[in-house]
Each structure stands twice: as structure tokens, then as C-alpha cells.
Amino acid sequence: TNNKGENKPASGTDKKVTLGFAQVGAESGWRTANTESIKSSAAEAGFDLKFSDAQQKQENQIKAIRSYIQQKVDAIAFSPVVESGWDTVLKEAKDAGIPVFLTDRAVDSKDTSLYVTFIGSDFVEEGRRAGQWLSDKFKDADGDVNIVELQGTTGSAPAIDRKAGFEEIIKGNSKLKVIASQTGDFTRAKGKEVMQSFLKAHKDIDVLYAHNDDMALGAIQAIEAAGLKPGEDIIIISVDGVKDGFIAASEGKINFIVECNPLLGPQLMQAVNDFLAGKEIDKRIVTEEGVFTSEEAKAALPDRKY
Ligand code: GYE
Numbered sequence: 009t010n011n012k013g014e015n016k017p018a019s020g021t022d023k024k025v026t027l028g029f030a031q032v033g034a035e036s037g038w039r040t041a042n043t044e045s046i047k048s049s050a051a052e053a054g055f056d057l058k059f060s061d062a063q064q065k066q067e068n069q070i071k072a073i074r075s076y077i078q079q080k081v082d083a084i085a086f087s088p089v090v091e092s093g094w095d096t097v098l099k100e101a102k103d104a105g106i107p108v109f110l111t112d113r114a115v116d117s118k119d120t121s122l123y124v125t126f127i128g129s130d131f132v133e134e135g136r137r138a139g140q141w142l143s144d145k146f147k148d149a150d151g152d153v154n155i156v157e158l159q160g161t162t163g164s165a166p167a168i169d170r171k172a173g174f175e176e177i178i179k180g181n182s183k184l185k186v187i188a189s190q191t192g193d194f195t196r197a198k199g200k201e202v203m204q205s206f207l208k209a210h211k212d213i214d215v216l217y218a219h220n221d222d223m224a225l226g227a228i229q230a231i232e233a234a235g236l237k238p239g240e241d242i243i244i245i246s247v248d249g250v251k252d253g254f255i256a257a258s259e260g261k262i263n264f265i266v267e268c269n270p271l272l273g274p275q276l277m278q279a280v281n282d283f284l285a286g287k288e289i290d291k292r293i294v295t296e297e298g299v300f301t302s303e304e305a306k307a308a309l310p311d312r313k314y
């Protein structure tokens, strides 16, 4: 190696840090902003970044991680597409002495020594925020409020947690009923397709809760095609707060957005650098985020960066 046999991490001035990053895919506006953030902050930190796109398939991510191990990168970071099934490959990285950083999504591994830290949002809290707004809005409803839910990718941390947080809050209001819930895989195309089938099967939908903006945007197309007004005939709540979501909110088509910040790159590069420099790292680094009504989205739109 360049270190001429010296047994120390490859940080400092003598050698560029090589970071292998295994991304989920390119399924949403959020993901595009996240990838941009990873790439630009890696460049800024002077890292040699190896980047792969798993197209929402766990097997592709596992392959990418194995190839990073083989290439003896200094650190591996990834956003696990689903929560389960990572122990074997994480153990391989550990045995090779390569630190692993989780960003955006969590794993359910019991052995937390398999990774350095998890940097990302509190998705349960995001689900609670969505549920709280809805529960407040319909606190005096006379009849049942029929909700349909578009879930994110099956088995992914944000889909599991956003569902759980939402349910935890709305169960406090017996009028609020989830009458249908299905995955739309975090994409516009699937969001539209599943909303079409919801509209066919149910004549009395009052609310759509979408686990991300892209699925809400696809669903809006289906709602409009069915001759209904999104945001009025059907109240819409989504998560993320990407530009297109904010535009739809400022037009009144989305009523409430729970923000999820995709700009995780700077925090990740910082954590990698700190770790390689031998500093103590928190096991959990939570990103800060807010919520926006249609009016607030309209006001904030000109300053949104993604
Ligand atoms: O909400 C969604 C994306 O993991 C937080 O993945 C992320 C989610 C985000 O596809 O739009």
C-alpha cells in the first residue's frame, strides 16, 4: 500500500480516502437529491468515491458491498433498501476491517458492532407528524373518515416506520379508518397505478396518506383522471418535501407535507473523516426536519434547494 507497511488508517495527507457507497436506486426526487448530496460532498471532502445504484434490489447492494470489500476501500456507506438480511455481508466487512456507515435507512441487525453509526431521519416520528395533523383536522368529524395509504418499498425502514407512527396517532381517533393500504414502491408510476385501483374499489375515499411525494404526485394524476379534485375531494398528506411536492402543495393539491431531509452527504463525510481520525462517533445521528401546510409550502418554495 501507499502507507509502506505502516499499520494506520488511510486518512491525512498521504492518501485519498476511498469510500464505497451503495445507493438504493433512483426511485424518487428525494433519492436524486440524496445522490447529488453524497457525490458533491464526497468531492468536497477530497474522497475517492465509488458509487453504485442497486435499482431497489437488495441482491445488487450486497454485490456492490462485496466488491468494495474486495477493492479494500477505506470505508463503506450504504442506504439499505430493506431492513433485514444484512448480517452476513456486514460481518464480511467487519472481518476485513472495513468500517460501515449506514445513511438514510436502518438495518434490523441485533449486533450493532456491525456498523459505526446510523445517520438519518426518525421515520416513526415522521409518521406521527402526518397522523397528528390528520387527527387534528378531523377531530370533530361526524362520520367515518376513510383513509387510503400508499406505502413505500415493502420491508424498507421508512415504509415500516411511517406506517407505524401514523397508526400510533390515528388510533386515538376512532373516526379515522384506513380502508386500504398497499405498496407503491416509492415511485410515481406505482403510486398512480395503485391509486387507480383504490379509486375503482372504493367510492368514498376521504384521505390519501402517501409515504413519499412521488407516490402522492402519481396518485394526483389518477385522482384528476377520475374527475376528482386532489386536496379538496381527497385530502392528501405526504412525506419528503421535494420541489415537485412543494409545487403541488402550493397549488393546494397536497394539504400537508412532513419533511424528510435528503442532504445527508456532509454529515456522512464528516463522520467518515472523524472515525478514520480515531474520534468517537455517536451510534445514532438524527437529521432535523419540519412540517409544511399548503400555505407554508407556498411561502417556502422559492428558497427550497431540491
Ligand atoms: O422518503 C423516498 C425514497 O429512504 C427516506 O426513500 C428515504 C425514502 C424517501 O425513495 O422518497
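First residue of the sequence shown: 9, per mature numbering (1 follows the signal peptide of the UniProt record, and there is no 0); consecutive thereafter.
Where is the CB? At the ideal position from N, CA and C, for every residue including glycine.
Keep in mind the model is a prediction, meaning the values are calculated, not measured.
- Judged by DSSP in its simplified three-state form, tyrosine 217 adopts strand.
- Contact between the region 86 to 101 and the region 112 to 127 is established, with three or more Cβ pairs separated by less than 8 Å.
- Between the region 93 to 111 and the region 78 to 85 there are three or more C-beta pairs closer than 8 Å, enough to call the two in contact.
- Comparing C-alpha distances from lysine 65 to each of Leu236, Leu309, Thr162, Ser246 shows the shortest one belongs to Thr162.
- Contact check for serine 48 and glycine 273: beta-carbon distance about 6 Å, within the 8 Å limit, so the pair qualifies.
- Listed as beta-bridge partners of phenylalanine 126 by DSSP are Leu110, Arg292.
- Note on geometry: alpha-carbon atoms of tyrosine 123 and alanine 256 lie some 38 Å from one another.
- By the C-beta density criterion, aspartate 148 is exposed, having fewer than 16 other C-beta atoms within 10 angstroms.
- The continuous alpha helix (DSSP H) containing glutamate 304 extends over residues 302 to 308.
- Under the three-pair Cβ rule at 8 Å, the region 175 to 182 counts as touching the region 133 to 146.
- Alanine 53 sits close to asparagine 281, with the two beta carbons spaced by under 9 Å.
- Here glycine 249 is actually not in contact with serine 302; their C-beta atoms are around 13 Å apart, not less than 8 Å.
- Pairing glycine 235 with lysine 208, the inter-Cα distance amounts to about 13 Å.
- Here lysine 58 is bridged, per DSSP, to Gly28.
- When DSSP states are grouped into helix, strand and coil, glutamate 201 belongs to the helix group.
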